[in-house]
Amino acid sequence: MSTVTPATDWKNAPAPKDPQGWIARAAEVAAVLATDAAARDKAGATPYAEVQLLKDAGLVTLLGPAEHGGAGQDWPTAYRVVREVAKADGSIGQLLGYHYLWNWAARLVGTREQWEHVEAEAARNQWFFGGAVNPRDSDVVVTEDGDDLVFTGAKTFSTGSKVSDVTVLEGVLEGTDQHIFAIVPSSTPGLTFHDDWDNIGQRLTESGGVTLDGVRTPWASAAGYVDKAFQPRVYNTLNVPTIQLVFVNFYLGIAGGALETAATYTREKSRSWLHGGFDKAVDEPYVIDVYGDLTAKLWAVEALADAVAEEGQKLHDDPDAVTEQSRGEFEVRVAAVKARATDVALEVSNRVFEVTGARATASSEGLDRFWRNVRTHTLHDPVAYKRREVGRHVLTGELPEPTWYS
Numbered sequence: 000m001s002t003v004t005p006a007t008d009w010k011n012a013p014a015p016k017d018p019q020g021w022i023a024r025a026a027e028v029a030a031v032l033a034t035d036a037a038a039r040d041k042a043g044a045t046p047y048a049e050v051q052l053l054k055d056a057g058l059v060t061l062l063g064p065a066e067h068g069g070a071g072q073d074w075p076t077a078y079r080v081v082r083e084v085a086k087a088d089g090s091i092g093q094l095l096g097y098h099y100l101w102n103w104a105a106r107l108v109g110t111r112e113q114w115e116h117v118e119a120e121a122a123r124n125q126w127f128f129g130g131a132v133n134p135r136d137s138d139v140v141v142t143e144d145g146d147d148l149v150f151t152g153a154k155t156f157s158t159g160s161k162v163s164d165v166t167v168l169e170g171v172l173e174g175t176d177q178h179i180f181a182i183v184p185s186s187t188p189g190l191t192f193h194d195d196w197d198n199i200g201q202r203l204t205e206s207g208g209v210t211l212d213g214v215r216t217p218w219a220s221a222a223g224y225v226d227k228a229f230q231p232r233v234y235n236t237l238n239v240p241t242i243q244l245v246f247v248n249f250y251l252g253i254a255g256g257a258l259e260t261a262a263t264y265t266r267e268k269s270r271s272w273l274h275g276g277f278d279k280a281v282d283e284p285y286v287i288d289v290y291g292d293l294t295a296k297l298w299a300v301e302a303l304a305d306a307v308a309e310e311g312q313k314l315h316d317d318p319d320a321v322t323e324q325s326r327g328e329f330e331v332r333v334a335a336v337k338a339r340a341t342d343v344a345l346e347v348s349n350r351v352f353e354v355t356g357a358r359a360t361a362s363s364e365g366l367d368r369f370w371r372n373v374r375t376h377t378l379h380d381p382v383a384y385k386r387r388e389v390g391r392h393v394l395t396g397e398l399p400e401p402t403w404y405s
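For the sequence shown, the residue numbers in numbering that gives the first Met the number 0 are 0 to 405.
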């Protein structure tokens, strides 16, 4: 982690009071992370200090209730905060975004008593959340042992694992089709995180595998269960669109960071082409055109992402009013922006090399990390299926069936 000291002593400074203040705070955090982002990406060390930076800045408790020390902000603000952090470091942007998701999981599926307790404790203790929930793997098996539940199995990916204070577990109750979510301390016996995340991008997300060997938790911690019976709501199905909007925003943040980093390089280091007739690279017509083209595309997707986030907040504001129709229409909108954000982020992070030049490929510049980060995570689920959701809705009015990916 960088030894650079933030310009502001966040612990003793007044907390921001509004969304713009929190977005500005996130930009301050990004400025700290940016000072050695390329070096930390190479080192690939467990980001304990980076997570502490997020805690010190107050970003970890952004969605937490104000009466318990949180900032009491909404999802549109959280998405923008993730985007700002990801401009400097895509891995830390992803960690923060996933943390918000898992922190919200209790509200997504839990009873009011459960989520009020979890959110209060999380805000008071600055819990950082991880999750052992990967739908592509075999289900973790949950068995009953008196008043306890016992989780046994393994997951290939567990983002946030080693840097988390608490972990969200998910499994299927043995002999049934009932899925159970529960939150346990990450130090719980039987919960083992593996150092096997060695991918080309998002290197600091601690997304390695996890083994659950008889992890115990009380039945009372099973989110949404009352007397061992689940209490379903349509709101429970908002997990995918909410998750996908987190993806959208750290993709856009990474793209924005690539564009800003490249523009600085072009202004300060790029040489004009010897046959172009211009003294400076910034005066080259093709360079100007590429930056204009990429910026316009990025701004357009950011505007769509912000609009869709506001649409989603209306659903979060009144969970009991969410219907299959409103949920489905929201998922289609999210699918559309996910598709565009994927394409634009890949294009931006790739084409910046056209306007920085051959010397910009030096490993010391670290410009490649933006493309590697976007390319790695955009493979999470095929974007063609997102376009399909949009196309089917336009042509036939079909709404996506709620699944782990739609």
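All C-beta atoms, glycine included, are put in the ideal place defined by N, C-alpha and C.
None of these values were measured; they are calculated from a predicted model.
The Cβ-Cβ distance between A30 and A87 falls below 9 Å. Annotation for Y290: A262, V354 place their beta carbon closer than 7 Å to its own, counting only its chain and skipping 5 residues before and after.
Around A23, the same chain offers P15 as residues with beta carbons nearer than 8 Å, after the five sequence neighbours per side are excluded. The bridge partners DSSP lists for I179 are G170.
Residue environment: E66 is assigned as exposed (fewer than 16 neighbouring CB atoms within 10 Å of its CB, all protein chains considered). Secondary structure at V59: coil, using DSSP grouped into helix, strand and coil. Within the DSSP bridge table, the entry for Y264 names no partner. Taking 9 Å as the cut-off, the beta carbon of D73 is found no closer than this to the beta carbon of L58. For D194, the closest of H178, T216, A228, T158 by C-alpha to C-alpha distance is T158. For D380, the closest C-alpha among the options G20, N124, N133, D226 is that of N133. A residue is called buried when at least 16 other Cβ atoms come within 10 angstroms of its Cβ; V225 does not meet this threshold and is exposed. Here L398 carries a coil assignment [DSSP, helix/strand/coil].
For G152, the uninterrupted beta strand (DSSP E) segment begins and ends at 147–154.
The beta-carbon distance between K313 and V247, rounded to whole angstroms, is 18 Å. This is too long to meet the 8 Å contact definition.
By the beta-carbon neighbour count (other beta carbons within 10 angstroms, threshold 16), L251 is buried.
DSSP, read as helix, strand or coil, puts E283 in coil.
With 16 or more neighbouring CB atoms inside 10 Å of its own CB, E388 falls in the buried class.
In this structure, G96 and V139 do not form a Cβ contact; the two beta carbons are roughly 23 Å apart against a cut-off of 8 Å.
By the neighbour-count criterion, in which 16 or more other beta carbons inside 10 Å mark a residue as buried, F277 falls on the exposed side. Ranked by Cα distance from V209, the options W103, D136, Q177, I253 are led by D136. In the three-state DSSP reduction, R215 falls in the strand class (E or B). Contact between L345 and T377 holds, since their C-beta atoms are separated by about 7 Å, short of 8 Å.
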